[in-house]
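Sequences listed follow chains A and B, in order. -16 is the number of the first residue of the first sequence in the working numbering; add one for each residue after it. 169 is the number of the first residue of the second sequence in the working numbering; add one for each residue after it. Note that beta-carbon positions come from the ideal geometry of N, C-alpha and C, so glycine has one too.
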Amino acid sequence: MFYREVGQFKSTYAADQVIFPIRQDRYFVWAVMAFAFLGVPLLASQYLFSAILIPFLILSLAALGLNLLVGYCGQISLGTGGFMAVGAYTAYNLALRIPELNPLVAFVLAGGVTTLVGILFGIPSLRIKGFYLAVATLAAQFFLDWVFSRVRWFTNYTPSGSINAPQITFFDFTFDTPLKKYLLCLGFVTVFALLARNLVRGRLGRSWMAIRDMDVAAEIIGIRPLYAKLSAFAVSSFFIGVAGSLWAFVHLGSWEPLAFDVNRSFSLLFMVIIGGLGSILGSFLGAAFITLLPLFLNQLPAWLGIPMSTALISHLEVMIFGALIVFFLIVEPQGLARLWRIAKEKLRLWPFPY
Amino acid sequence: MGFFLEVLIGGVMAGVLYSLVALGLVLIFKASGVFNFAQGAMVLFAALTLVRLMEKMPLPLALLATCVVMLILAYLIERLVLRPLVNQAGITLFMATLGITFFIEGFGQILWGSDIYKLDLGIPKQPLIILEKVFDGGVLVSSEDLFATVVAGALVIVLAIFFQKTRIGRALRAVADDHQAAQSVGIPLNQIWLIVWTVAGIVALVAGIIWGSRLGVQFSLSLIALKALPVVILGGFTSVPGAILGGLIIGVGEKMSEVYLGPHIGGGIENWFAYTLALLFLLVRPEGLFGEKHIDRV
């Protein structure tokens, strides 16, 4: 009885086109937003902001971008880490070489550059599919890794190859405390989630889903695969590029090319799959799961009071992580978002039998 | 010319080693449609097991015991991971093998330790010099590589005979062609998967022995799976000859590019060169060299 749509009549076109057509969903989203913008800043500690919430938000953004590509358009990509690196290094070079440029503008421009790189590496998707494409996108990952570690211009000729991001200031306002950084990330994530939500229910998103479900059939009903696939790569790379620049500037502060290696790509793909392919909410759930799990596993021996060497803990962590991934895939191959959907379905009747 | 030949031979031999890892990938993909990312971790696990068992028992016994361990591993993977995930999308299965990779890496290093172990099976290490009459100074060939090539070649022949001539091999090919049809003529899918994963485990052991005796048995063995991926897509996921030829092309291409192209654009290009080579190749032939052509019908 808590999630009934009975009695919610749509009497205008505007009401028919709202983002969340069911009232309970609307309330829920407003409540979550209010909590994220007002409640969390009051409650959370410095550690919570910088170790959990900020990485979670930025990785959600990247996972959201990847989900548009993998979940909505069906093109598997393992080059996400490389695209994040493009965003990070572009933002760094823009901030370095054009000092009067506002960093927030630099982030968006970095997204733009990543879009171009993404389209370039998306071109093979027109010819190859499935796992062949997945491995082909690894080419992007390794090539970009190499470019950023070998071409010294990108790192401004620093001897070690690691770089420090400048502070983010917006006119006179400096984003220096974890709280301000958190709100900055939250702002970005909110805008982009809204954008994604609107994209996937519009014409573009529908053409992506048609391509995902069966590309030959989609082509026959008049969807151009070239346009649909490359636009998916473009939009997804834009999201990932912005996420990459935020990851570098807001979360890491100083970083090396290793920060964006192939493991980052894999963990983002994990987020998307565990969260739920083709679901905006799933990107957030997956990001939360993958961000929290290592922290949790790290703390577990201490909580249980079992003394262990650090090497053993790290191996055990990897092992349990792997086992849990398999476990989750077996229990719910469609991802955490599907569990959420099932819960909502149950809530329509619960607690009444029918 | 002598130098060119030396690079070429070096490339061919590196390529054979890539093929060995790729072979395991192809075997599993053919029989179960699973893109097994855990092959590299299996190489590491097999090599670690062998090295640590050799400390306690003679070599033949250790080899046998390692094979048994790989069989148990294959059984557990089939029983605990593949069977519950049957009929899921390929990407889900791929993710599951990524999970297996993490698990095996962690488990193997807890069980056997995470140091670098020296693996010495008495493979001759003296470099050979051949064709001294033809070229000035001859051509330098590492006898270790030569040994690896011979072993890999033998393994491929054995596998080819196994696939073509034996009853189980024919069943494997039937499963590869069509799961449902194979099942309906009475081929037990679960057993076939067990066999295939065991064979892949033994191939991983061979690869682990050869790579391990070159580099020492250590964590980085697990990363050679990443080297084998471009080989597989170049050769085609479903083709054993493709894996061999793909390995040779990648091996030679990599060495050639490192020697002749590397100095001009900065070193370390071998990490991405193989991928780019495979990618360019795929643009011309999307199914790889020998992959099955896929025709879509609406």
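Distance between beta carbons of residue j and residue i, contact taken as under 8 angstroms
i: Val69 of chain A; j: Gly224 of chain A; result: 6 angstroms
i: Trp191 of chain A; j: Ala215 of chain A; result: 5 angstroms
i: Leu109 of chain A; j: Leu187 of chain A; result: Incorrect: roughly 17 angstroms between the Cβ atoms, too far for contact.
i: Leu51 of chain A; j: Ala179 of chain A; result: 6 angstroms
i: Leu261 of chain B; j: Val211 of chain B; result: Actually they do not touch by this definition, with Cβ atoms about 20 angstroms apart.
i: Gly183 of chain B; j: Val420 of chain B; result: 6 angstroms
i: Ala230 of chain B; j: Leu221 of chain B; result: 4 angstroms
i: Leu213 of chain A; j: Ile102 of chain A; result: 5 angstroms
i: Met311 of chain A; j: Ile257 of chain A; result: With the sequence shown as reference, residue 311 of chain A is identified as Phe, and Met is not the correct amino acid for it. With a Cβ gap of about 6 angstroms, Phe311 of chain A and Ile257 of chain A count as contacting.
i: Leu216 of chain B; j: Ile377 of chain B; result: Incorrect: roughly 11 angstroms between the Cβ atoms, too far for contact.
i: Leu457 of chain B; j: Leu413 of chain B; result: 6 angstroms
i: Leu127 of chain A; j: Gly65 of chain A; result: 3 angstroms
Opposing strand residues paired with residue i [DSSP bridges]
i: Thr334 of chain B; result: Thr334 of chain B pairs with nothing; no bridge assigned.
i: Asn147 of chain A; result: A:Ser237
i: Thr141 of chain A; result: None; Thr141 of chain A has no bridge partner.
i: Val385 of chain B; result: B:Tyr285
i: Thr152 of chain A; result: A:Thr157
Environment of residue i [buried if 16+ CB atoms lie within 10 Å]
i: Val455 of chain B; result: Per the sequence shown, residue 455 of chain B should be read as Glu rather than Val. Buried, because 16 or more other Cβ atoms sit within 10 Å of the Cβ of Glu455 of chain B.
i: Phe(-15) of chain A; result: exposed
i: Asp155 of chain A; result: exposed
i: Met181 of chain B; result: buried
i: Gly48 of chain A; result: buried
i: His234 of chain A; result: buried
i: Phe137 of chain A; result: buried
i: Ile417 of chain B; result: buried
i: Ala285 of chain A; result: exposed
i: Gly298 of chain A; result: Here residue 298 of chain A turns out to be His, not Gly, going by the sequence shown. Burial call: buried.
i: Glu174 of chain B; result: buried
i: Glu227 of chain B; result: As written in the sequence, residue 227 of chain B is Leu, which differs from the Glu given in the question. The residue in question, Leu227 of chain B, is exposed, as its Cβ has fewer than 16 Cβ neighbours within 10 Å.
i: Gln(-9) of chain A; result: exposed
i: Asn204 of chain B; result: buried
i: Tyr72 of chain A; result: buried
i: Trp280 of chain B; result: buried
i: Val314 of chain A; result: exposed
i: Ser219 of chain A; result: buried
i: Gln348 of chain B; result: exposed
i: Gly22 of chain A; result: exposed
i: Pro240 of chain A; result: buried
i: Trp333 of chain A; result: exposed
Residue i: CB within 7 angstroms of a non-hydrogen atom of the ligand ADP
i: Tyr72 of chain A; result: For the ligand ADP, the structure offers nothing, since it holds no ligand at all.
Beta carbon proximity, residue i to chain E, threshold 8 angstroms
i: Phe114 of chain A; result: The structure shown contains no chain E; its protein chains are A and B.
Item to check | Any alpha helix (DSSP H) of 4 or more consecutive residues that is wholly inside the region 57 to 120 of chain A | outcome: 63 to 80, 86 to 105
Checklist entry - Can you list, in chain order, the stretches of the beta strand (DSSP E) that have 3 or more residues and sit fully within the region 160 to 219 of chain A? => result none
Checklist entry - According to a CB-to-CB cut-off of less than 7 angstroms, which residues of the region 87 to 112 of chain A neighbour chain B? => result Pro107, Arg110, Ile111
Checklist entry - Which of the residues in the region 429 to 442 of chain B, read from start to end, lie with their CB under 7 angstroms from any CB of chain A? => result Gly434, Gly436, Ile437, Asn439, Trp440
Item to check | Near-chain B residues of the region 309 to 323 of chain A - C-beta to any C-beta below 7 angstroms | outcome: Val309, Leu312, Ile313, Pro316
Checklist entry - Enumerated in chain order, which unbroken segments of the alpha helix (DSSP H) with a length of 4 residues or greater are wholly contained in the region 287 to 336 of chain A? => result 293 to 314, 319 to 330
Checklist entry - Along the region 286 to 306 of chain A, what residues have a CB closer than 9 angstroms to any CB found in chain B? => result Ala294, Leu295, Ser297, His298, Leu299, Glu300, Val301, Met302, Ile303, Phe304, Gly305, Ala306
Next on the checklist: Please list, in chain order, the residues of the region 256 to 274 of chain B that have any C-beta partner in chain A closer than 8 angstroms.
Outcome noted: Gln256, Ala257, Gly258, Ile259, Thr260, Phe262, Met263, Ala264, Leu266, Gly267, Ile268, Thr269, Phe270, Phe271, Ile272, Glu273, Gly274
Item to check | Near-chain B residues of the region 269 to 288 of chain A - C-beta to any C-beta below 7 angstroms | outcome: none
Checklist entry - Can you list, in chain order, the residues of the region 117 to 129 of chain A whose Cβ is nearer than 8 angstroms to any Cβ on chain B? => result Ala117, Val118, Ala119, Leu121, Ala122, Phe125, Phe126, Asp128, Trp129
Next on the checklist: Taking beta-carbon pairs under 8 angstroms, can you tell me which members of the region 389 to 415 of chain B lie near chain A?
Outcome noted: Leu394, Leu397, Pro398, Val400, Ile401, Phe405
Checklist entry - Listed from N- to C-terminal order along the chain, which residues in the region 191 to 209 of chain B have their beta-carbon within a distance smaller than 7 angstroms of any beta-carbon of chain A? => result Phe203
Item to check | Segments assigned alpha helix (DSSP H), at least 4 residues, entirely inside the region 357 to 402 of chain B | outcome: 357 to 383
Checklist entry - Taking a cut of 8 angstroms between CB atoms, which residues from the region 325 to 343 of chain B lie near chain A? => result none
Next on the checklist: Under 9 angstroms, CB to CB, which of the residues in the region 238 to 263 of chain A have a partner in chain B?
Outcome noted: Val245, Phe249, Leu252, Phe253, Ile256, Ile257, Leu260
Item to check | Interface residues of the region 139 to 164 of chain A facing chain B [CB-CB below 8 angstroms] | outcome: none
Checklist entry - Fully enclosed by the region -5 to 57 of chain A, which alpha helix (DSSP H) runs are 4 residues long or longer? => result -4 to -1, 6 to 17, 23 to 26, 37 to 50
Checklist entry - Going along the region 49 to 64 of chain A in order, which residues come within less than 7 angstroms of chain B, judged by CB to CB distance? => result Ile59
Checklist entry - Can you list, in chain order, the stretches of the beta strand (DSSP E) that have 3 or more residues and sit fully within the region 210 to 245 of chain B? => result none
Checklist entry - Between the region 194 to 205 of chain A and chain B, which residues of the former have CB atoms less than 8 angstroms from a CB of the latter, in chain order? => result Met197, Asp198, Val199, Ala200, Ile203
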